[in-house]
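Engineer:
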Amino acid sequence: MTLLNLGCGTRTSPSAVNIDWAVALRLKRSRLGRGVAPLLLRGERRARYDAMAGELVCHDLRRGIPYDDGTVDAVYHSHVLEHIDRAAVPGFLAEIRRVLRPGGVHRIVVPDLELEVRRYLADLDAVDRGEAAADGHDRFVHGLLEQSVRREAAGTSAQRGARRWLENTLLGDARRRGETHQWMWDRVNLRAVLTEHGFTDVDVVDHRTSRIPGWPETGLDQEPDGTEYRPGSLYVEAVAG
Ligand SMILES: C[S@@+](CC[C@H](N)C(=O)[O-])C[C@H]1O[C@@H](n2cnc3c(N)ncnc32)[C@H](O)[C@@H]1O
Numbered sequence: 076m077t078l079l080n081l082g083c084g085t086r087t088s089p090s091a092v093n094i095d096w097a098v099a100l101r102l103k104r105s106r107l108g109r110g111v112a113p114l115l116l117r118g119e120r121r122a123r124y125d126a127m128a129g130e131l132v133c134h135d136l137r138r139g140i141p142y143d144d145g146t147v148d149a150v151y152h153s154h155v156l157e158h159i160d161r162a163a164v165p166g167f168l169a170e171i172r173r174v175l176r177p178g179g180v181h182r183i184v185v186p187d188l189e190l191e192v193r194r195y196l197a198d199l200d201a202v203d204r205g206e207a208a209a210d211g212h213d214r215f216v217h218g219l220l221e222q223s224v225r226r227e228a229a230g231t232s233a234q235r236g237a238r239r240w241l242e243n244t245l246l247g248d249a250r251r252r253g254e255t256h257q258w259m260w261d262r263v264n265l266r267a268v269l270t271e272h273g274f275t276d277v278d279v280v281d282h283r284t285s286r287i288p289g290w291p292e293t294g295l296d297q298e299p300d301g302t303e304y305r306p307g308s309l310y311v312e313a314v315a316g
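In this note's numbering, the protein residues as written are 76 to 316.
Following this line, the structure appears as structure tokens:
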């Protein structure tokens, strides 16, 4: 089975072809990169780099998906769609439809706007009732907005001195690296855009369930202990017509 993991970042699977333009993949794919990676990456970043497994493809998805028509059984992307400019979403979906065989599965994971808004409103009400502290409320606004307005990439902002300067100079800001959210999705607008672009059988699922055979074993949406990799996500599957 050919399963593509688009915009994989460091969340790769041996069961998938993992595609991203991120530096981590470039480092992992070349002998020189593997040599310098231990000097560049520390702590949690290094652990994520070391854990990367499976086939890795460095590619800018704005240039399409490097597969022939109807040759792929399933396409998965997690926390990628919200990073794509809204005007480019139809082209991205058309590319996924093109590479999927008829009946192939398209699995999408995005931050769930509905959940975030409900949490925001619930906290606002709790503050009004005096059941939650007003000074903690801003974290709900943060959840809604921070990743859309962020200037510096998150990993880089945690670095110090010369390393931070070098990363910003070489790699650019959060927007240039594709790290900022360009849109937000919920179960209604995601279903609508999928249907509009030729996908059928659109269903909301969860991190464990999928039409893709052996999904839990891919390790993409859940950790080895069975916990959800990205809590607060919306999981949707659709079929290529
Ligand atoms: C929030 S991360 C999600 C990573 C991973 N899928 C996960 O769930 O942890 C978004 C990923 O999309 C990738 N990405 C954004 N724009 C891209 C593009 N044009 N081509 C390839 N990858 C892209 C970024 O490099 C980043 O790794």
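Backbone N, C-alpha and C fix where the C-beta goes; we use that ideal spot for every residue, glycine too.
1) Considering Gly307, what are the terminal residues of the beta strand (DSSP E) in which it resides?
2) Ignore the nearest five residues each way along the sequence and tell me which others in Glu157's own chain have a CB closer than 7 Å to its CB.
3) Using CA coordinates, which residue listed in Ser90, Arg173, Val98 is at the minimum distance from Leu246?
4) Decide if the stretch 272-291 is in contact with the stretch 172-184; the criterion is three or more beta carbon pairs, one per stretch, under 8 Å apart.
5) For Trp260, which of helix, strand or coil comes out of DSSP?
6) Here's the rule: buried if 16 or more other CB atoms are within 10 angstroms of the residue's CB, otherwise exposed. What is Arg86?
7) Please return the same chain residues whose Cβ sits closer than 6 Å to the Cβ of Gly316, not counting the five positions on each side in sequence.
8) For the candidate residues Ala149, Gly84, Asp144, Val147, whose alpha-carbon lies nearest to that of Ala126?
9) Assuming Arg214 contacts Ala249 (C-beta within less than 8 Å), just tell me the rounded distance between them.
10) Where does Asp200 sit, in a helix, a strand or coil, going by DSSP?
11) Whether or not the stretch 187-194 and the stretch 113-122 are in contact is what I'm after, with contact meaning three or more pairs of Cβ atoms, one per stretch, closer than 8 Å; do they touch?
12) Does any C-beta atom of chain D lie closer than 8 Å to the C-beta of Pro165?
13) Grab the span of the alpha helix (DSSP H) containing Gly230 for me, first residue to last.
14) On a Cα-Cα basis, can you pick out the residue from Ala169, His154, Glu227 that is closest to Val268?
15) Could you tell me the alpha carbon to alpha carbon distance between Thr231 and Asn243, rounded to whole angstroms?
16) Cβ of Gly247 versus every heavy atom of ligand 1: is any distance shorter than 7 Å?
17) So the candidates are Glu206, Glu227, Pro299, Leu136; which of them puts its Cα closest to the Cα of His152?
18) Tell me Ser153's beta-bridge partners as DSSP assigns them.
19) Around the C-beta of Thr293, are 16 or more other C-beta atoms found within 10 angstroms, so that it is buried, or is it exposed?
20) Check the C-beta distance from Ile94 over to Val132 and give it rounded, since I have them as a contact under 8 Å.
21) State buried or exposed for Asp296, treating a residue as buried only when at least 16 other CB atoms are found within 10 Å of its CB.
22) Buried or exposed: where does Ser105 fall if 16 or more other Cβ atoms within 10 Å of its Cβ makes it buried?
23) What residue range does the alpha helix (DSSP H) around Ile171 cover?
Structural biologist: Taking the structure as given:
1) Here residue 307 refers to the residue found at position 232 when the sequence shown is read from its first residue. From DSSP, Gly307 is part of no beta strand (DSSP E); its letter is neither H nor E.
2) Locating residue 157 in the sequence shown gives position 82, where the first residue counts as 1. If you ignore the 5 residues before and after Glu157, its C-beta comes within less than 7 Å of the C-beta of Val185, Pro186, His256, Gln257, Trp258, Met259, Trp260, all in its own chain and listed in chain order.
3) Here residue 246 refers to the residue found at position 171 of the sequence shown. For Leu246, the nearest C-alpha among the options comes from Val98.
4) Verdict: yes, contact present.
5) Position 185 of the sequence shown, counting from 1, holds the residue named residue 260. In the structure shown, Trp260 falls within a strand segment according to DSSP collapsed to helix, strand and coil.
6) For the purposes of this step, residue 86 is taken as residue 11 along the sequence shown, with counting starting at 1. Flag for Arg86 reads buried.
7) As a working mapping, residue 316 is identified with position 241 in the sequence shown. Answer for Gly316: Gly273, Thr275, listed in chain order.
8) Taking the first residue of the sequence shown as 1, we reach residue 126 at position 51. Closest by alpha carbon: Gly84.
9) In the sequence shown, the residue the question calls residue 214 occupies position 139. In the sequence shown, the residue the question calls residue 249 occupies position 174. A Cβ-Cβ distance of about 19 Å is found for the pair Arg214 and Ala249, leaving them out of contact under the 8 Å criterion.
10) Looking up residue 200 in the sequence shown gives position 125. Helix at Asp200.
11) Contact between the stretch 113-122 and the stretch 187-194 is absent, because fewer than three Cβ pairs lie under 8 Å.
12) Structure shown: chain D not included; a single protein chain is present.
13) As a working mapping, residue 230 is identified with position 155 in the sequence shown. First-last of the alpha helix (DSSP H) with Gly230: 229-232.
14) Position 193 of the sequence shown holds residue 268. For Val268, the closest alpha carbon among the candidates Ala169, His154, Glu227 is that of Ala169.
15) Here the question's residue 231 lines up with position 156 in the sequence shown. Here the question's residue 243 lines up with position 168 in the sequence shown. Here the C-alpha atom of Thr231 lies approximately 7 Å from the C-alpha atom of Asn243.
16) Counting from one through the sequence shown, the residue named residue 247 turns up at place 172. No, the Cβ of Gly247 stays beyond 7 Å of every heavy atom of ligand 1.
17) Position 77 of the sequence shown, counted from the start, is the residue given in the question as residue 152. By alpha-carbon distance to His152, the top candidate from Glu206, Glu227, Pro299, Leu136 is Leu136.
18) The sequence position of residue 153 within the sequence shown is 78, counting from 1. Paired residues: Val184.
19) Indexing the sequence shown from 1 puts residue 293 at position 218. Buried, since its Cβ has 16 or more Cβ neighbours within 10 Å.
20) Position 19 of the sequence shown holds residue 94. Position 57 of the sequence shown holds residue 132. Contact between Ile94 and Val132 holds: CB atoms are separated by about 5 Å, below the 8 Å threshold.
21) By 1-based counting over the sequence shown, the position of residue 296 is 221. Under this definition Asp296 is a buried residue.
22) Your numbering for residue 105 matches position 30 in the sequence shown. Using a 10 angstroms sphere on the CB of Ser105, the tally of other CB atoms stays under 16, which defines it as exposed.
23) Position 96 of the sequence shown, counting from 1, holds the residue named residue 171. Ile171 -> alpha helix (DSSP H) spans 164-174.
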